[in-house]
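So the sequence shown is numbered by my numbering: it starts at 2 and just counts up by one.
A virtual CB, placed ideally from N, CA and C, is assigned to each residue, including glycine.
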Amino acid sequence: MICLGIEGTAEKTGVGIVDSDGNILALAGKQLFPKIGGIHPREASEHHAKWIPKLIIEACTKANLELKDIDLVSFSKGPGLGPALRTVATASRTLALSLNKPIIGVNHCIAHVEIGKLDTGAIDPVSLYVSGGNSQIIAYEYGRYRIFGETLDIAIGNCLDQFGRETNLGHPGGPIVEELAKDGKYIDLPYSVKGMDLSFSGLLTASIREYQKNIAIEDICYSLQETAFSMLVEVTERALAHTKKDEVMLCGGVAANKRLREMLAIMAEEHYAEFHIPKMEYCGDNGAMIALLGILTYNIYGPDKLEDTNVIQRFRTDEVDVPWVHTSKN
Ligand code: ATP
Ligand code: FE2
């Protein structure tokens, strides 16, 4: 079976093609870079509308396939920005109907974990999924991917990006903050772990306030990273200790950050756990992860009815039964 997956929960449009043996046959994507400010949901949806048809052709060409060779159309059902999700769902329905092929909608966060496992060979990891829109600590337990910790307000990537915008560093802030942090020293910033959950908005406000006080930007960047990443590593460590798993996986766009990689690797080593990071093309949003999860889900449940292909803006990771997962321990 060959599945074409369409991703577009935020500002990146992605199309991927995967077969039922888990071979990734093609990956095509196009990111929207807003000229000013952050991501506008309408602009994101217009970006998807413009690029989805072109990326479908590009992916088919890369995979050396024709549209009629596609057996299944999969799309990201959520979580994400409403207008962006609806454009992706509409495009996916149109494609499936025009090809007379089945359609299936899947959870974006689970797709990140599944493609990460496929790419790295991880079997049953505690995953830290960190991006512009999400910050979750995810692990499989009792038939579902459970959220062991998550942000209560903004995602870590959003925190870094908003800091970049407010301090005129540019967008996206993540890589710029990482670069500046190399020359910084530590200043005190609020560390906010509440139970197993995280909060980044107070840290963001405090960091902007330090900037307004003319504290060296390098010091703020360094301290922002050290504080935020320590919070993420602490909760991941506690999830690892609780679940007694022996693998840790880092995914999402913020996985590009070398300091976060280093901190998580040290923690994993201290727990004798294997540490995995998928290749960057599979860390960020991509269509292959949606195609892969489409196949895994279709194999068990078959296709969605067309009337069930609605989008779910706040689609939670732990809402989905995942009977296809087999851990090494069961
Ligand atoms: P999602 O829909 O999963 O929330 P996204 O639209 O945010 O994804 P991604 O490519 O997964 O897209 O992640 C982008 C985020 O990653 C941005 O917030 C960006 O600042 C951050 N990022 C990219 N490179 C780095 C880096 N080197 N250090 C820290 N953050 C980074
Ligand atoms: Fe994502």
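Residues that residue i bridges to, as DSSP identifies them
i      : result
Cys284 : None; Cys284 has no bridge partner.
Phe76  : Ile7 and Gly106
Gly17  : Gly6 and Leu28
Ala140 : Arg147
Met264 : The partner list for Met264 (beta bridge, DSSP) is empty, contrary to what the question assumes.
Cys252 : Tyr130
Three-state secondary structure (DSSP) of residue i
i      : result
Asn108 : strand
His277 : strand
Tyr212 : helix
Gln226 : helix
Glu67  : coil
Arg317 : coil
Tyr302 : helix
Glu12  : coil
Asn162 : The sequence shown places Asp at residue 162, not Asn. Reduced to three states, the DSSP call for Asp162 is helix.
Met197 : coil
Val89  : helix
Thr152 : strand
Asp372 : Examination of residue 372 is not possible in this model, given that the chain is present from 2 through 331 alone.
Asp189 : coil
Asp309 : helix
Asp322 : strand
Ser202 : helix
Ser99  : helix
Gly174 : helix
Pro42  : helix
His48  : helix
His113 : helix
Thr237 : helix
Asp220 : helix
Thr328 : coil
Leu33  : coil
Asp184 : coil
Leu297 : helix
Leu82  : coil
Lys55  : helix
Thr168 : coil
Integer-rounded CB distance, given that residue j should sit under 8 Å from residue i
i      : j      : result
Leu26  : Val16  : Actually they are not in contact, since the Cβ atoms of Leu26 and Val16 sit about 11 Å apart, beyond 8 Å.
Val114 : Cys252 : 7 Å
Ile291 : Val107 : 6 Å
Thr328 : Ile124 : 6 Å
Gly174 : Gly165 : 2 Å
Leu82  : Thr168 : Going by Cβ atoms, the distance from Leu82 to Thr168 rounds to 25 Å, so no, they are not a contact pair.
Tyr141 : Val326 : 5 Å
Tyr130 : Cys160 : Actually they are not in contact, since the Cβ atoms of Tyr130 and Cys160 sit about 15 Å apart, beyond 8 Å.
Pro80  : Lys246 : So it is not a contact: roughly 24 Å between Cβ atoms.
Gly288 : Leu28  : 7 Å
Gly158 : Ser132 : 5 Å
Ile301 : Ser21  : Going by Cβ atoms, the distance from Ile301 to Ser21 rounds to 13 Å, so no, they are not a contact pair.
Ile148 : Thr237 : In fact, because the Cβ distance is near 12 Å, the residues do not count as touching under 8 Å.
Glu12  : Ile40  : 5 Å
Leu334 : Ser136 : Here the chain covers residues 2 to 331 and nothing more, so residue 334 does not appear.
Leu293 : Ala112 : 7 Å
Val178 : Gln226 : 6 Å
Original post:
For the 8 Å Cβ check, are there 3 or more pairs between the segment 96-108 and the segment 73-81?
Top reply: yes
Original post:
Is it a yes or a no for the segment 191-208 touching the segment 135-155, going by three-plus beta-carbon pairs under 8 Å?
Top reply: yes
**OP:** For the segment 55-67 and the segment 275-286, state whether three or more C-beta atom pairs, one from each stretch, are separated by less than 8 Å.
**Re:** no
Original post:
Pairing CB atoms from the segment 280-287 with CB atoms from the segment 117-132, are three or more of them under 8 Å?
Top reply: yes
Original post:
Between the segment 77-95 and the segment 44-57, do three or more beta carbon pairs fall short of 8 Å?
Top reply: yes
Subject >> Given 8 Å, three or more beta-carbon pairs between the segment 210-221 and the segment 233-250 >> reply: no
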